[in-house]
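Residue numbers (the working numbering): 2 to 205.
Cβ atoms here follow ideal geometry from the backbone N, Cα and C, with glycine treated the same way.
Here it is in structure tokens:
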């Protein structure tokens, strides 16, 4: 039992460190890149407008919490898995082809979109306790992407640049925008259903 608990805390600490390192590197690159011309405050607002950044911050904080020997409620652990999983999935399927990072940007990109999601999802599946997740919690969980959508549009208004091209209402139009929002919502529903099924399986 002690060995398993040590393994759990080691995984949580490693996941938090990977997420933190990728976040700090990405922020440093942002402050030294073309976006820095708008000022630190505007660059910081733009940095925190990305769902990728917010989900990695959440995973980092959750990892630190677990590494300190504390448990998170099962729905919260699963919500973190859902958000960081959607981060990796949407990037891999939609956004990856839009640019080809190199050098330090490649390392930040890989940490945020691949290493952190894989580490957290594997730990959630194999190390965290299971059997207590309920599918009906999906309702409150969906408030996360709804709240993010509002935040992303607000940041887009304040900075003049939406965080993701599929949320650029002015460029793609209302119909395409609505379709993209519904598709992402569908990813969250399917993702939560998959996590719920895995929780039931691991709980047995």
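*asked:* Runs of 4 residues minimum, wholly inside the segment 12-80: which ones carry the alpha helix (DSSP H) assignment?
replied: Within the segment 12-80, the complete alpha helix (DSSP H) runs of at least 4 residues are 41-48, 52-68.
*asked:* Within 8 angstroms, do at least three Cβ pairs link the segment 67-74 to the segment 4-15?
replied: Yes, the segment 4-15 is in contact with the segment 67-74.
*Return the CA-CA distance between residue 210 and residue 102, expressed in angstroms with no decimal places.*
One cannot answer for residue 210 here, as it falls past the ends of the chain, which runs 2 to 205.
*May I ask you to report which of helix, strand or coil DSSP gives residue 102?*
The DSSP-derived three-state label of residue 102 is coil.
*Check whether the segment 151-166 touches the segment 107-118, taking contact to mean three or more Cβ pairs, one atom from each stretch, closer than 8 angstroms.*
Here the segment 151-166 makes no contact with the segment 107-118; the two share fewer than three CB pairs at distances below 8 angstroms.
*Assuming residue 147 contacts residue 80 (C-beta within less than 8 angstroms), just tell me the rounded distance between them.*
The C-beta distance from residue 147 to residue 80 rounds to 13 angstroms, too long to fall under 8 angstroms, and the pair is not in contact.
*Measure the C-alpha to C-alpha separation of residue 41 and residue 48 and round it to an integer number of angstroms.*
Just so you know, the alpha carbons of residue 41 and residue 48 end up roughly 10 angstroms apart.
_Spatial distance of residue 155 from residue 5 (CA atoms)_ = Distance from the CA atom of residue 155 to the CA atom of residue 5, rounded to whole angstroms, is 44 angstroms.
*asked:* Assuming residue 202 is part of the alpha helix (DSSP H), what are its boundary residues?
replied: Here the alpha helix (DSSP H) through residue 202 covers 170-204.
*Just how far apart, CA to CA, sit residue 134 and residue 72?*
Per the coordinates, the alpha-carbon of residue 134 lies some 14 angstroms from the alpha-carbon of residue 72.
*Please report the Cβ distance between residue 142 and residue 193, rounded to the nearest whole angstrom; I am assuming they are in contact, meaning their Cβ atoms lie under 8 angstroms.*
So it is a contact: roughly 6 angstroms between Cβ atoms.
*Roughly how many whole angstroms lie between the Cα atoms of residue 174 and residue 180?*
Rounded to whole angstroms, the gap between the alpha carbons of residue 174 and residue 180 is 10 angstroms.
*What is the DSSP secondary structure of residue 9, counted as helix, strand or coil?*
Per DSSP, reduced to three states, the secondary structure at residue 9 is helical.
*Starting from residue 125, follow the alpha helix (DSSP H) in both directions and report where the run begins and ends.*
It spans 117-127 - the alpha helix (DSSP H) in which residue 125 sits, taken as one unbroken run.
*Of the listed residues 204, 97, 150, 202, nearest to residue 183 (C-alpha basis)*: When each option's Cα is compared against that of residue 183, the closest is 150.
_Spatially closest choice to residue 117 from 61, 205, 172, by CA coordinates_ = Looking from the CA of residue 117, the closest CA among 61, 205, 172 belongs to 61.
_DSSP state of residue 132 mapped onto helix, strand, coil_ = Of the three classes helix, strand and coil, the one that applies to residue 132 here is coil, per DSSP.
*Helix or strand or just coil, what does DSSP make of residue 165?*
Three-state DSSP puts residue 165 in coil, outside helix and strand.
_Beta-carbon proximity list for residue 51, same chain, < 7 angstroms, skipping 5 on both sides_ = The residues are 164.
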